[in-house]
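Protein chains in written order, with this note's numbering: chain A, 9 to 464; chain B, 43 to 136.
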């Protein structure tokens, strides 16, 4: 094989140093099923012991790999089996689940990860008593812990949408917002409502270790919006063919780095490699924005007419380029469009070019959904449930993952901004429709699973 | 073979290569390839080095080379070769 030449080395290092190329997260998935025995305090102890022993070396290994390859690995994280299942049988009141959340938070603190996901319930077909208790405990769990992330899967293409859970989540999101109002309702930034939730997602806040998975697994999430943006600057004004080829090649290179890091992390941790998640994940840093890619494709701002088409194109090329670069692709894999975590999205929301309705349309063609959207603090629980139901319907009908991470910022309204800090960023409060959906979300039961033929 | 890419970037001055090479020789690191260019007065060098002849830990070598670079006013970076191979070569062992 030919030696690597200086141009190639320079190209890689320019991506890392100037275009924010990084590996966004190494996430260690840990099954907690073997901790589901004994009384509550026994389970909490077993959970703490298992996480702190399995993930003992995670942060150190991440830092070593980062040093040796010269690539930043931004986050080291843990996902666990949905906790509703692990507490079932011994948790009698919501406060019992909060006790488990505290144990998880202590374990995460001991091993030094910055988030731990899996304070979750999977209720697309129906809610067990345990699921309901966990969901009701979420406001306390998220306000009393630091790094715990929660997700609730309320719908799927096979099961339909559990509207009782959607209704409940509207209230849970409001209560979580109230309990964390001193920090601009930050608790809601750690709470995701899913349709078709993936089992192997390494990204927070929606990561959990799926119930069909092995004992432990290493999943890696790549990033690189800045790299894609710079690459397509060189083909400005050229045809869609050229544009798509450029995105695919760049996605291939970015994903190869993710695959290398994932393989290396799995080897050193002696844990099987799971998947690489091909997502383009932005950060609030300048030059690390998915919205900026859309602008480079030819829009004056994200939200302009053409945005959905440009995003569809981008998302598809990222997958096409990335798929060949990894032996196993999974998770969410696509372009993320979290408003508060993307400088270009923030500006578009500030200027009014981007509204919730346009974002909803965008989520029908890209990964995830209505993500990190700050809404007025006086938005009713019913309206929040209505927005969630709309987003879940897009996922259910199109057979894709969608999610809602909405933050009703208590005490703030349109024109104000919420600040969450760090990677979670800043969000202008976006206006929400004043029309009511109270009677709709108050109906009980499920929206049935859709027919999978006659696809119009 | 345990190949490492060393890149050196900075304002051109006398003895950059000499100092880096002396360090490598002292630590049993064999140079397989060197390429060097000057772009607008800036010195750009890339070395491919085999680390299999040393017992030293990667991070120590990398830290020391960085410190050496700082002392002569250039930025030195050490990275394992695989990251470049994985990005720029279709067939690679991973």
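The beta-carbon is built from N, C-alpha and C at its ideal position, and this holds for glycine as well.
**Message:** List, in chain order, every chain B residue whose beta-carbon is nearer than 9 angstroms to that of residue 227/A.
**Reply:** Near residue 227/A there are no residues of chain B at all, since even the closest Cβ is about 16 angstroms away, more than 9 angstroms.
**Request:** Can you grab the Cα-Cα spacing for the pair residue 224/A / residue 59/A, in whole Å?
**Result:** 11 angstroms
**Request:** Would you kindly report the start and end of the unbroken beta strand (DSSP E) that includes residue 425/A?
**Result:** 425-427
**Prompt:** Can you give the beta carbon distance from residue 214/A to residue 125/A, rounded, assuming they're within the 8 angstroms contact cut?
**Reply:** Contact between residue 214/A and residue 125/A holds, with the beta-carbon distance rounding to 7 angstroms and staying under 8 angstroms.
**Asked** Anyone know if the C-beta pair for residue 350/A and residue 412/A falls short of 9 angstroms?
**Response** Cβ distance not < 9 angstroms, so residue 350/A and residue 412/A don't count as in contact.
**Asked** Exposed or buried, what is residue 242/A when buried is set at 16 or more other beta-carbons lying within 10 Å of its beta-carbon?
**Response** exposed
**Item:** Cα-Cα separation between residue 72/A and residue 142/A, rounded to whole angstroms
**Value:** 37 angstroms
**Request:** Please name the residue in 338/A, 35/A, 398/A and 307/A whose C-alpha comes closest to that of residue 205/A.
**Result:** 338/A
**Prompt:** Can you check whether the CB of residue 396/A is closer than 9 angstroms to the CB of residue 182/A?
**Reply:** no
**Asked** Could you check where the beta strand (DSSP E) with residue 161/A kicks off and where it finishes?
**Response** Counting along the chain, residue 161/A sits inside the beta strand (DSSP E) bounded by residues 156-164.
**Message:** Could you check whether residue 301/A and residue 233/A sit closer than 9 angstroms to each other, using their CB atoms as the reference points?
**Reply:** yes
**Request:** Using a Cβ cut-off of 9 angstroms (strictly closer), state whether residue 22/A contacts chain B.
**Result:** no
**Asked** If you measure from the beta carbon of residue 101/A to each beta carbon in chain B, is any gap under 9 angstroms?
**Response** no
**Message:** Is there a Cβ of chain B sitting closer than 9 angstroms to that of residue 72/A, yes or no?
**Reply:** yes
**Message:** DSSP has residue 92/B in a bridge; who is on the other side?
**Reply:** Paired residues: 45/B and 72/B.
**Asked** Between which two residues does the beta strand (DSSP E) harbouring residue 384/A extend?
**Response** Looking at the DSSP string, the run of the beta strand (DSSP E) that includes residue 384/A is 378-384.
**Prompt:** Looking at the unbroken beta strand (DSSP E) that takes in residue 37/A, where does it start and where does it end?
**Reply:** 31-38
**Prompt:** In chain B, what lies closer than 7 angstroms to residue 264/A by C-beta?
**Reply:** Those are 128 and 129, listed as they occur along chain B.
**Collapsed DSSP secondary structure at residue 202/A in the structure displayed** = strand
**Message:** Suppose the cutoff is 7 angstroms on Cβ atoms and the five residues either side in sequence are ignored; what does the same chain contact list for residue 106/A look like?
**Reply:** 145, 148, 149 and 152
**Item:** Runs of alpha helix (DSSP H) lying entirely within the segment 300-377 of chain A, each at least 4 residues, in chain order
**Value:** 315-331, 351-359 and 364-370
**Message:** When you compare the CB of residue 13/A with every CB in chain B, is at least one pair closer than 9 angstroms?
**Reply:** yes
**Message:** Short of 7 angstroms in beta carbon distance, which residues of its chain neighbour residue 406/A, apart from the five on each side in sequence? Order them along the chain.
**Reply:** 372
**Prompt:** For residue 267/A and chain B, any beta-carbon pair shorter than 9 angstroms?
**Reply:** yes
**Asked** Taking the alpha-carbon positions, what's the residue 176/A to residue 385/A distance?
**Response** 18 angstroms
**Asked** Is residue 425/A near the ligand COA, in the sense that its beta carbon is under 8 angstroms from a heavy atom of that ligand?
**Response** This structure does not include the ligand COA; it has no bound ligands of any sort.
**Message:** Between residue 342/A and residue 375/A, how many whole angstroms is the CB-CB distance? I'm expecting something under 8 angstroms.
**Reply:** 3 angstroms
**Message:** Could you check whether residue 346/A and residue 382/A sit closer than 9 angstroms to each other, using their CB atoms as the reference points?
**Reply:** No, the pair does not count as a contact, with Cβ atoms beyond the cut-off.
**Message:** Tell me which residues of the segment 56-87 of chain A have at least one Cβ-Cβ distance to chain B shorter than 9 angstroms, keeping chain order.
**Reply:** 72, 75, 76, 77, 78 and 79
**Item:** Proximal residues to residue 95/A (C-beta, below 6 angstroms), its chain only, five neighbours per side dropped
**Value:** Taken in chain order, the residues that qualify are 105 and 108.
**Prompt:** Identify the residues that DSSP records as bridge partners of residue 115/A: which are they?
**Reply:** According to DSSP, which records beta bridges pairwise, residue 115/A is partnered with nothing at all.
**Asked** Exposed or buried, which one is residue 428/A when buried takes at least 16 other CB atoms within 10 Å?
**Response** buried
**Prompt:** In the structure shown, what three-state DSSP assignment does residue 27/A receive?
**Reply:** coil
**Message:** Taking the beta strand (DSSP E) that residue 113/B belongs to, which residues open and close that run?
**Reply:** It is not in any beta strand (DSSP E) - residue 113/B instead sits in the alpha helix (DSSP H) that spans 100-113.
**Asked** Shorter than 9 angstroms from the beta carbon of residue 373/A to some beta carbon of chain B?
**Response** no
**Item:** Inter-residue spacing [alpha-carbon to alpha-carbon] between residue 168/A and residue 156/A
**Value:** 28 angstroms
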